[in-house]
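Residue numbers (UniProt numbering): 1 to 233. All C-beta atoms, glycine included, are put in the ideal place defined by N, C-alpha and C. Please read all numbers here as calculations on a predicted model, not as lab measurements. For reference, the structure is listed below as structure tokens.
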DNA sequence: AAGGAGACCAACCGCGTCTCT
DNA sequence: TAGAGACGCGGTTGGTCTCCT
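Laid out in structure tokens, this is it:
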């Protein structure tokens, strides 16, 4: 059974398609009165010819008063990238870290901006900046280690084992990546890009390859459990 | 000005998990 | 403990808008 019913269609007694302002009003009043949850009771209590599923979705994605309208900011974009690298397509988990944003919004944003290796200019700059800063960080770290070794040799102290040095470096990189979203806060990613392809060294390309994997995580079909590690492992 | 392409977003669907009886 | 219903999540679709040629 299917027929025209206002803007949408009526199927199995349930209305489908775009919501009308009247329906929105009914649903909003219902939630104000009874709170969220028990979505299957909504149609009975309000007279709305919408399934519980449809009501929940409309409320969560559109009617909730705490929703943030407008475009995703560069800072939010960075957070999305970071968390997607960490959790994959767990949109609701990612959305929880972005107050006022829904999983649907995050998912749509990811698909239009990053799916199929189509990073925006902002992301290109973010990547370039990430790489540059990480390189600087590494150089600094190596210089420090060298200095430390020299001092230890002079004092005839035991030099740290190679593994210890590597672990220390990795720890520092992890801290850096976790702090990325905060470093970009309130900025327009105007940092000088080092992304010029002609200037890339082989090391550069290795890092870029890592980022490319991040953009195409979906395509890898990875089954990441709760203990899934961030991409840089 | 018109048409095509791509971006954006609301909404639906299917499936897995949770909760209650 | 098992089954049914409710709920939540990720994937997908389709309509509208915007920009470019």
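Ranked by Cα distance from residue 58, the first of 19, 76, 95 is 19. Within the same chain, 66, 67, 68 come within 8 Å of residue 100 by CB-CB distance, once the 5 residues on both sides are set aside. Residue 113 and residue 105 have their C-alpha atoms roughly 12 Å apart. Residue 94 places its beta carbon 8 Å or farther from that of residue 72.
Between the alpha carbons of residue 44 and residue 78 lies a distance of about 43 Å.
Here the alpha carbon of residue 52 sits roughly 56 Å from the alpha carbon of residue 141. Going by beta carbons, residue 26 and residue 63 fall outside the 8 Å limit. Contact annotation: residue 41 and residue 48 have beta-carbon atoms that are not nearer than 8 Å. Rounded to the nearest angstrom, the Cβ distance from residue 15 to residue 50 is 6 Å, consistent with a contact under 8 Å. Counting other Cβ atoms within 10 Å of its Cβ, residue 34 stays below 16 and is therefore classed as exposed. Of the other Cβ atoms in all chains shown, 16 or more fall within 10 Å of the Cβ of residue 23; this residue is therefore buried.
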